[in-house]
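Read the structure below first, then the notes.
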């Protein structure tokens, strides 16, 4: 995908998965900016990770260094560790939170739906 877009736009283009781009973003603008090596972990509709080593995204000899993920069977999907799913569950139970930032700022473990 990267080379195709690069040719089309006449600009350098790189294509990475979401977790790797998250790691790059943290390296450039976030908490990883002041360290040379770190692991970025994401817990959403599953989990994944990206590794920055010596200020570079680790790909490894076969392009899968740092790749970790989880897959959930259809019957497990309601219980996956996803903040967006928690937000949707809380909203469905009448809790007034619009965003994950609201959730982080106002979280109350007594809200209906949290224990689910």
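In my numbering, the protein residues as written are 48 to 163.
Cβ atoms here follow ideal geometry from the backbone N, Cα and C, with glycine treated the same way.
- Beta-bridge annotation (DSSP): residue 103 is paired with 100.
- Around the C-beta of residue 137, 16 or more other C-beta atoms lie within 10 Å, and the residue is accordingly described as buried.
- Excluding residues up to 5 positions away in sequence, 134, 137, 138, 150, 153 lie with their Cβ nearer than 7 Å to the Cβ of residue 144 in the same chain.
- With respect to the 9 Å criterion, residue 79 and residue 88 are not classified as neighbours on the basis of their beta carbons.
- Counting other Cβ atoms within 10 Å of its Cβ, residue 82 stays below 16 and is therefore classed as exposed.
- C-alpha of residue 108 to C-alpha of residue 140: approximately 48 Å in a straight line.
- In the DSSP annotation of this structure, the continuous segment of the beta strand (DSSP E) that includes residue 86 starts and ends at 85-91.
- By the beta-carbon neighbour count (other beta carbons within 10 angstroms, threshold 16), residue 69 is buried.
- In the three-state reduction of the DSSP assignment, residue 72 falls in the helix class.
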